Each structure stands twice: as C-alpha cells, then as structure tokens.
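See structure below.
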Amino acid sequence: REGIKFTYCTDTRPVSTIVNAAKDSDLFVCEGMYAKDLDLEKAETNKHLLFSEAANLAKEAGVSELWLTHLSPGLVNPESHLDSVKKIFDNTTICTY
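In terms of our numbering, the sequence shown is residues 1146 to 1242.
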C-alpha cells in the first residue's frame, strides 16, 4: 500500500522551504502560536506563526489536512478563530490538547 506524507513544523516564520517540505502532504502539523493578524509584530519578534500564515502555507503546499498546534498560552478560546482560518484553508483542525 502507498504510504502517507506527514510534515511537522514549529518555532518558525513563514519561509519557502516549509512549502517545499510540506508539498502534497497528507497531514501538515504546524504551529499556530497567534490567532489574530493584529499579533503580527509579536509573531515576527518571537519567530512564530499566525493562524493565517500557517493556513496560507498549507494552501500553497497543497496539503490535504492542517492541524494547528503549539498555541499561545494566552490564547483563551482558539476555536473561536477557526472560521477565519477555514476561509484560507478549509480542512483545518485546531489541536488544543
């Protein structure tokens, strides 16, 4: 049987090598430290991704499924941001465990 492709990415800013590595992955597990685009400066300073940036990487890489992990401890209700992420990449799950 054919195998699956799994890509895991954390503690980074969006770079083209992520897209290349994740290309056509069945599952892309990626950090989503900050949910709001207004936190871009914080994300840049701390070298992390916004939910929207992770979703754009998933879309560009043509992955089948995106799991957002490595969420900010200050993010009280990450699921409340899922609709905005799904506008970019529909098959997204926010992993809070």
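Note that CB positions come from ideal geometry on N, CA and C, so glycine has one too.
Only a predicted model underlies this, so the values are computations on that prediction, with no experimental measurement involved.
Exercise for the section: Starting from the Cα of Thr-1155, find the closest Cα among Gly-1148, Ala-1167, Ser-1209, Leu-1220 and give me that residue. Expected result: The closest CA to that of Thr-1155, considering only Gly-1148, Ala-1167, Ser-1209, Leu-1220, is found on Ala-1167.
task: Assuming Lys-1204 contacts Ile-1233 (C-beta within less than 8 Å), just tell me the rounded distance between them.
output: Rounded, the Cβ-Cβ distance is 6 Å, consistent with contact.
### Task
Tell me where the alpha helix (DSSP H) around Ile-1163 begins and ends.
Looking at the DSSP string, the run of the alpha helix (DSSP H) that includes Ile-1163 is 1161 to 1167.
*Distance, Val-1164 Cα to Ala-1199 Cα*: Roughly 10 Å between the two C-alpha positions.
If we call anything under 9 Å between Cβ atoms a contact, is Leu-1183 one with Thr-1157?
Not in contact: Leu-1183 and Thr-1157 (Cβ atoms no closer than 9 Å).
- Query: What are the complete beta strand (DSSP E) segments, minimum 3 residues, inside the segment 1209 to 1233?
  - Reply: Here the runs fully enclosed are 1211 to 1214.
- [ ] Could you check the C-alpha separation between Lys-1231 and Thr-1237 for me, to the nearest Å?
- [x] Roughly 6 Å between the two C-alpha positions.
Check: For the alpha helix (DSSP H) that Glu-1205 lies in, which residues bound it at each end?
Finding: Looking at the DSSP string, the run of the alpha helix (DSSP H) that includes Glu-1205 is 1196 to 1206.
Quick one, which of Gly-1177, Asp-1228, Asn-1222 has its alpha-carbon nearest Trp-1212's? Of Gly-1177, Asp-1228, Asn-1222, the residue nearest in Cα terms is Gly-1177.
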